[in-house]
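**Q**
In our numbering, the protein residues as written are 68 to 516.
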């Protein structure tokens, strides 16, 4: 019996020592695992998406465009969708830098997920014609007689303020629009950043390319925090915003800072040309892993009305809180980004149109991140594209137009790390090993027989 007791004590001592060593060494092991190198655990997750990202697009079908000039009738819209894609991202042109950062581009692919019945990419959508709208925006401050002359020149090309196009054309395929290329080559428009396109689509020439995303430089976790963006297109300031809002900072979409606090999560979004600050909402569990949930709320979308530091978000015309002016980012198309159905926006926007119903469960922008590791567990990145319509004197199509923000489409990018995934194990590991091994070391030695 004494031998058994001694053996039991020895085994417990060995386990205790092993547990203690693991507790001591785990931070070192973890830091090594979470450092981005071309042979590290996380490299393949970073270089090519290993977690499925589902992109669901919804369009707003304009049901009464013929009432455009009747100011007593609100524009009415009906949501159509979802049109589902699987988004894949590949990192290319990767350069490892001596300062602990990596420079790269990312190529994105959208793969259509055909559904049985229901919607398809051939569905016709009645929507605002964006090309004459671009012309009206560029010319809005020009001499009245110059605008009249241009209006007469363009009138044979644009007879209506709306059009009907398929979903596929409006997204990636594009539809023929030679006037964009003509305008880009015209001296009077040379100082505007117009694309040299012969077609138009909201994601035209983006599928399978890296140009829109630009060149990013981020920390690898060695001498600079993993995932932290240091520059975009070799600049630490975004040309699309002013003052502090132009600072390029925050995390890339795959990794966030370790040991997160219950306050602000900074997220860099090339689609927005800048940063999005998410605020902590609550703790949530995803596949048995505790995470912090961060959301885009009223503070993020405020334009300085309630939070003076956000004043620099107002580029060009300053509008009620709830939208971000991305006109500079969209080739001078008067575009404003918001949450779907103007969720969390000033009621001003919803009151200008009919058919929109903001809903937290459907339209929330959130990320759930494991706080110790900074690994995202689940998310729904949801954004809506809106075009500003306003009266412009001298241009016949818009001279008597109402002012409203026309909803065009919205998209949600959703993902969730599954149980058994190695990133999921890593996210859970640091916490569980710390807590579990501490508990094991503290466990009493079994009673002797």
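Glycine included, each C-beta is placed from N, C-alpha and C at the ideal position.
Quick caveat: nothing in here was measured; it's all calculated off a predicted structure.
For the beta strand (DSSP E) that residue 34 lies in, which residues bound it at each end?
**A** Look at the range of the chain in this structure, 68 to 516, and you will see that residue 34 is not part of it.
**Q** Let me check understanding here. Comparing Cα to Cα, which of 105, 344, 341 lies closest to residue 114?
**A** Locating residue 114 in the chain shown gives position 47, where the first residue counts as 1. Residue 114 has its Cα closest to that of 105, out of 105, 344, 341.
**Q** In the structure shown, what three-state DSSP assignment does residue 324 receive?
**A** Here the question's residue 324 lines up with position 257 in the chain shown. In this structure, residue 324 counts as coil in the three-state DSSP scheme.
**Q** Once DSSP output is grouped into helix, strand and coil, what is the label at residue 398?
**A** Sequence index remark: in the chain shown, residue 398 carries index 331 (1-based). Reduced to three states, the DSSP call for residue 398 is coil.
**Q** Between which two residues does the beta strand (DSSP E) containing residue 474 stretch?
**A** Along the chain shown, read from residue 1 onward, the residue named residue 474 stands at position 407. That run of the beta strand (DSSP E) goes 471-483.
**Q** With a Cβ-Cβ cutoff of 9 Å, do residue 379 and residue 309 count as a contact?
**A** Within the chain shown, the letter at position 312 stands for residue 379. Within the chain shown, the letter at position 242 stands for residue 309. Yes, the pair counts as a contact, with Cβ atoms nearer than the cut-off.
**Q** Tell whether a beta-carbon distance below 9 Å holds between residue 484 and residue 438.
**A** Counted from its first residue, the chain shown places residue 484 at position 417. Counted from its first residue, the chain shown places residue 438 at position 371. No, the Cβ-Cβ distance between residue 484 and residue 438 is not below 9 Å.
**Q** How is the beta strand (DSSP E) around residue 454 delimited, first residue to last?
**A** The residue given as residue 454 occupies position 387 in the chain shown. Unbroken beta strand (DSSP E) run through residue 454: 443-456.
**Q** Taking the alpha-carbon positions, what's the residue 187 to residue 153 distance?
**A** Against the chain shown, residue 187 aligns to sequence position 120. Against the chain shown, residue 153 aligns to sequence position 86. Spanning the two alpha carbons is a distance of roughly 15 Å.
**Q** Give me the residue from 381, 284, 395 with the minimum Cα distance to residue 312.
**A** As a first step, residue 312 is located in the chain shown; it is residue number 245 there, counting from the start. Ranking the options by Cα distance to residue 312, first place goes to 381.
**Q** What separation, rounded to the nearest whole angstrom, lies between the Cα atoms of residue 334 and residue 305?
**A** The sequence position of residue 334 within the chain shown is 267, counting from 1. The sequence position of residue 305 within the chain shown is 238, counting from 1. For residue 334 and residue 305, the distance between alpha carbons rounds to 14 Å.
**Q** Might you give, ordered along the chain, the residues of its own chain that have their beta carbon closer than 8 Å to the beta carbon of residue 131, omitting 5 neighbours on each side?
**A** Here residue 131 refers to the residue found at position 64 when the chain shown is read from its first residue. The residues are 140, 142, 143.
**Q** Grab me the residues of residue 509's own chain with a C-beta within less than 8 Å of its C-beta, minus the 5 sequence neighbours each way, in chain order.
**A** Here residue 509 corresponds to residue number 442 of the chain shown, with the count starting at 1. In this prediction, residue 509 has a pLDDT of 44, which is less than 50 and means its spatial position is unreliable; what the coordinates show is noted afterwards. Around residue 509: no qualifying Cβ.
**Q** Going by alpha carbons, who is nearest to residue 387 out of 159, 481, 471?
**A** As a working note, residue 387 is residue 320 in the chain shown. Here the closest residue by C-alpha is 471.
**Q** Could you tell me if residue 329 is buried or exposed, where buried requires 16 or more neighbouring beta carbons within 10 angstroms of its beta carbon?
**A** Here the question's residue 329 lines up with position 262 in the chain shown. Classification for residue 329: exposed.
**Q** Assuming residue 189 and residue 241 are in contact, meaning their beta carbons sit under 8 Å apart, how far apart are those beta carbons, in whole angstroms?
**A** Position 122 of the chain shown, counted from the first residue, corresponds to residue 189. Position 174 of the chain shown, counted from the first residue, corresponds to residue 241. Wrong, their Cβ atoms sit about 15 Å apart, outside the cutoff.
**Q** Which partner residues does residue 345 have in the DSSP bridge list?
**A** In the chain shown, the residue the question calls residue 345 occupies position 278. Note: residue 345 sits in a beta bridge opposite 332.
**Q** On a CA-only basis, which of 413, 474, 121 is nearest residue 422? Give me that one, please.
**A** By 1-based counting over the chain shown, the position of residue 422 is 355. The residue with the shortest Cα to Cα distance from residue 422 is 474.
**Q** Do you know how far the Cα of residue 399 is from the Cα of residue 295?
**A** Here the question's residue 295 lines up with position 228 in the chain shown. Here the question's residue 399 lines up with position 332 in the chain shown. Spanning the two alpha carbons is a distance of roughly 30 Å.
**Q** Got a sec, what are the start and stop residues for the alpha helix (DSSP H) residue 365 sits in?
**A** Numbered from 1 along the chain shown, position 298 holds the residue referred to as residue 365. 365-368 is the extent of the alpha helix (DSSP H) around residue 365.
**Q** Starting from residue 200, trace the alpha helix (DSSP H) in both directions and tell me its first and last residue.
**A** As a working note, residue 200 is residue 133 in the chain shown. Its alpha helix (DSSP H) spans residues 197-206.
**Q** Nearest by alpha-carbon distance to residue 145: which of 445, 467, 433, 420 is it?
**A** The residue given as residue 145 occupies position 78 in the chain shown. Of 445, 467, 433, 420, the residue nearest in Cα terms is 420.
**Q** Any beta carbon from chain B within less than 9 Å of residue 408's own beta carbon?
**A** As a matter of chain content, chain B is missing from the structure shown, which is built from one protein chain.
**Q** Determine whether the beta carbon atoms of residue 168 and residue 281 lie at a separation below 9 Å.
**A** As a first step, residue 168 is located in the chain shown; it is residue number 101 there, counting from the start. As a first step, residue 281 is located in the chain shown; it is residue number 214 there, counting from the start. No, these two residues do not count as a Cβ contact at 9 Å.
**Q** Pull the bridge partners of residue 436 from the DSSP assignment, please.
**A** Mapped onto the chain shown, residue 436 falls at position 369. For residue 436, which the question treats as bridged, DSSP gives the partners 359, 443.
**Q** Using the three-state DSSP reduction, which class does residue 235 fall into: helix, strand or coil?
**A** To locate residue 235, count along the chain shown from 1; it is residue 168. If DSSP states are grouped into helix, strand and coil, residue 235 belongs with the helices.
**Q** To the nearest angstrom, how far is the alpha carbon of residue 265 from that of residue 172?
**A** Taking the chain shown and counting its residues from 1, one reaches residue 265 at position 198. Taking the chain shown and counting its residues from 1, one reaches residue 172 at position 105. Rounded to whole angstroms, residue 265 to residue 172 spans 26 Å at the Cα level.
**Q** Pair every Cβ in the stretch 342-350 with every Cβ in the stretch 360-368, then say whether three or more of these pairs are closer than 8 Å.
**A** Because the criterion of three Cβ pairs below 8 Å is met, the stretch 342-350 and the stretch 360-368 touch.
**Q** Assuming the contact rule is C-beta atoms closer than 8 Å, residue 192 and residue 126 should be a hit. Round their C-beta distance to whole Å, please.
**A** The sequence position of residue 192 within the chain shown is 125, counting from 1. The sequence position of residue 126 within the chain shown is 59, counting from 1. Right, the Cβ-Cβ distance comes to about 5 Å (below 8 Å), so this counts as a contact.
**Q** Which first and last residues belong to the beta strand (DSSP E) in which residue 121 is found?
**A** The residue labelled residue 121 in the question sits at position 54 within the chain shown. Its beta strand (DSSP E) spans residues 120-129.
**Q** For the beta strand (DSSP E) holding residue 297, just list the boundary residues, first then last.
**A** Residue mapping note: residue 297 aligns to position 230 of the chain shown, counting from 1. 296-299 is the extent of the beta strand (DSSP E) around residue 297.
**Q** According to DSSP, is residue 315 helix, strand or coil?
**A** What you label residue 315 is simply residue 248 of the chain shown in a count that begins at 1. Coil at residue 315, not helix or strand.
**Q** Using DSSP with H/G/I as helix, E/B as strand and the rest coil, what is residue 306?
**A** Mapped onto the chain shown, residue 306 falls at position 239. Coil, per DSSP.
**Q** In the DSSP assignment, find the beta strand (DSSP E) that holds residue 177 and state where it starts and stops.
**A** If you number the chain shown from 1, residue 177 lands on position 110. 168-179 is the extent of the beta strand (DSSP E) around residue 177.
**Q** Quick one: Cα of residue 324 to Cα of residue 122, how far?
**A** Within the chain shown, the letter at position 257 stands for residue 324. Within the chain shown, the letter at position 55 stands for residue 122. About 25 Å.
**Q** Confirm the yes/no value for this check: CB of residue 384, any heavy atom of the ligand NAD, distance under 8 Å.
**A** The ligand NAD is absent from the structure shown, which contains no ligand whatsoever.
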